[in-house]
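In order, the protein sequences belong to chains A and B. Under our numbering, the first sequence has 28 at position 8, and the numbering climbs by one with no breaks. Under our numbering, the second sequence has 212 at position 192, and the numbering climbs by one with no breaks. Backbone N, C-alpha and C fix where the C-beta goes; we use that ideal spot for every residue, glycine too. To keep things clear, I will list the structure first and then write my remarks on it.
There are 2 protein chains.
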Amino acid sequence: MAKKKKATTESLSTEEKIKAAASAVFTRKGYAATRTRDIAEEAGMNLALLNYYFRSKEKLFEIVMVEKMTKFFSVVWGALENKSMTLEEKTSTVVENYIDLLSENPDLPIFILSEVRMNPAQFASRFSLAKVLESDFMKQIRKQHKGLHPLQFMMNLLGLVVFPFVMKPVLEQTKLLSEKDFKAQMAVRKKLIPKWMKAILATI
Amino acid sequence: MAKKKKATTESLSTEEKIKAAASAVFTRKGYAATRTRDIAEEAGMNLALLNYYFRSKEKLFEIVMVEKMTKFFSVVWGALENKSMTLEEKTSTVVENYIDLLSENPDLPIFILSEVRMNPAQFASRFSLAKVLESDFMKQIRKQHKGLHPLQFMMNLLGLVVFPFVMKPVLEQTKLLSEKDFKAQMAVRKKLIPKWMKAILATI
DNA sequence: CGCATATTTAATCATTTGATTAAAACCTTT
DNA sequence: AAAGGTTTTAATCAAATGATTAAATATGCG
């Protein structure tokens, strides 16, 4: 029943291939719309291997999900708690890192957001974002801008950075922006969002 | 085979009940995760009625989807093409209308965005957003702020307005904001976003 | 090699799920 | 109330889908 031992480098590679395929398909179509056969096909392997290496669709999903989430949050987390950067430096770093990450993984936001919506409880139990409120970043905002709830600032920052990627399918399908133009405009945003965030804070 | 005639007020009401239930469940769980039995249960009716009134799950979904989309776009559309409002007035109107709409329908954005991602082509064929680029709103932006792609402004506006609702499940599940606090902060944003948008434009 | 263990495959299962059907219940009209 | 239509129900179907199994193949080791 148990297969604790791993074996050749081949086998590990098979496992990795399945995980990579699962990651791609889950991210593209979401949990519910993904069939295990899709994953097997994408990986170019027999369906049964999926259950051999990862017990079930759900377990495989969980693994992929945690990896994606970790990736998504760690990008921002490093900058938020850095005590030697000014608020503006932190902002620039977050913007730059995020736009880079999302340019490589444009499906990531919708995927995470819709899966969290489908199962909010298990997300909360796994990722405690409360520490965000305690971060140095939030402290700086609180200190410099007494009136505003720090999450307002956070929502602005994420909205400006993430939302374009959420809209990407809409923009490209309606021909409002080609893939190339989108990339170019995101490069522009990298420079502009920090300035905009500064301007926003100055209004308060 | 055909049932062209409609009948009593009762029957219409049944049809409407099914559509309402479908709307609720589809919006909450997305197309793929929704089972026709979920809808029947939510409507408190026999499963077969669903196929009696609307041929198939897909057809029912399509109807719901078009209604949601129309709702979502018409809110913004009215303001965008109004020739007698200044850019700032248009912005305020869009912000206010959207925050009101989304407060009543917080699931709407994720639902639309993830379904569009699943089937971008049919979305594009049904909604031609190209006219957005021709709207009076866009013209004003182009005139007043030559350097910036008007879609940048649009992304900012929608990002600031819509993104908080997309994050809502995350914020509430992680206890960063209670439902009540969220509502309060959205009320704050109604006032602030127009100011922020103005400040953003001033930086260019 | 020859054995043991790990990996892979093809076939099959059980459940879920969208859809259909035939009969029952309900209305409306005469 | 009987006829003729519409609406609703319970039962059932066929296909899809996640999972398992038993046999086949490959791999490592003495």
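Could you tell me whether any Cβ in chain B is nearer than 8 Å to the Cβ of residue i?
| i | result |
| --- | --- |
| A/P214 | no |
| A/Q160 | no |
| A/S198 | no |
| A/A42 | no |
| A/A27 | For A/A27, the predicted model reports a pLDDT of 38, less than 50, meaning its position is unreliable and no value from the coordinates is stated. |
| A/G98 | no |
| A/I119 | no |
| A/M187 | yes |
| A/K49 | yes |
| A/V86 | no |
Between the alpha carbons of residue i and residue j, how many angstroms are there, rounded?
| i | j | result |
| --- | --- | --- |
| A/G167 | A/I224 | 7 Å |
| A/T111 | B/K195 | 24 Å |
| A/R146 | B/A41 | 32 Å |
| B/F143 | B/V136 | 6 Å |
| A/V227 | B/A44 | The structure shown does not extend to residue 227 of chain A, since chain A spans only 21 to 224, so no value can be given for it. |
| A/T106 | A/Q164 | 11 Å |
| B/A53 | A/A53 | 7 Å |
| A/E30 | A/D58 | Low local confidence applies: a pLDDT of 39 at A/E30 is under 50, so the model's placement there is unreliable, and no value is given. |
| B/N102 | B/N71 | 42 Å |
| B/K239 | A/V86 | Outside the modelled stretch of chain B, which goes from 21 to 224, sits residue 239 of chain B, for which no answer is possible. |
| B/L221 | A/Q193 | 27 Å |
| B/L197 | B/P126 | 15 Å |
| B/E36 | B/F46 | 15 Å |
| B/R162 | B/I213 | 20 Å |
What three-state label does DSSP hand residue i in the structure shown?
| i | result |
| --- | --- |
| B/K266 | Residue 266 of chain B falls outside the range modelled here, since chain B spans only 21 to 224, and no answer is possible. |
| B/F74 | coil |
| A/A207 | helix |
| B/E65 | According to the sequence as given, residue 65 of chain B is Met; it is not Glu. Correct three-state label for B/M65: coil. |
| B/T113 | helix |
| B/N139 | coil |
| A/M21 | With a pLDDT of only 30 at A/M21, under 50, the local geometry of the prediction cannot be trusted, and no value is derived from it. |
| B/Y51 | coil |
| A/I224 | coil |
| A/G179 | helix |
| A/S123 | helix |
| A/K166 | coil |
| A/S94 | helix |
| A/T194 | coil |
| A/L171 | helix |
| B/S43 | helix |
| A/S33 | helix |
Report yes or no: is there a C-beta of chain A within less than 8 Å of the C-beta of residue i?
| i | result |
| --- | --- |
| B/N125 | no |
| B/R146 | no |
| B/Q164 | no |
| B/V45 | no |
| B/S134 | yes |
| B/F143 | yes |
| B/M138 | yes |
| B/T56 | no |
| B/M89 | no |
| B/T194 | yes |
| B/N102 | no |
| B/S111 | Note on identity: in this sequence residue 111 of chain B is Thr, with Ser being the wrong assignment. With 8 Å as the cut-off, B/T111 does not count as an interface residue toward chain A. |
Are the beta-carbon atoms belonging to residue i and residue j less than 8 Å from one another?
| i | j | result |
| --- | --- | --- |
| A/F92 | A/L128 | yes |
| A/K49 | B/M138 | yes |
| B/M65 | B/I132 | no |
| B/S134 | A/S123 | no |
| B/L191 | A/F183 | no |
| B/K77 | B/T56 | yes |
| A/E109 | A/K218 | no |
| B/T113 | B/L69 | no |
Say whether the region 70-87 of chain A touches the region 174-189 of chain A, bearing in mind that this needs 3 or more beta-carbon pairs closer than 8 Å, one atom from each stretch.
Between the region 70-87 of chain A and the region 174-189 of chain A, the count of Cβ pairs shorter than 8 Å is below three; the stretches do not touch.
Check whether the region 113-130 of chain B and the region 154-171 of chain A touch, using three or more Cβ-Cβ pairs below 8 Å as the test.
Taking a cut-off of 8 Å for Cβ pairs, the region 113-130 of chain B and the region 154-171 of chain A do not touch, as fewer than three such pairs fall below it.
Counting Cβ pairs, one atom from each stretch, are 3 or more of them under 8 Å apart for the region 97-104 of chain B and the region 201-210 of chain B?
Too few Cβ pairs lie closer than 8 Å, so no.
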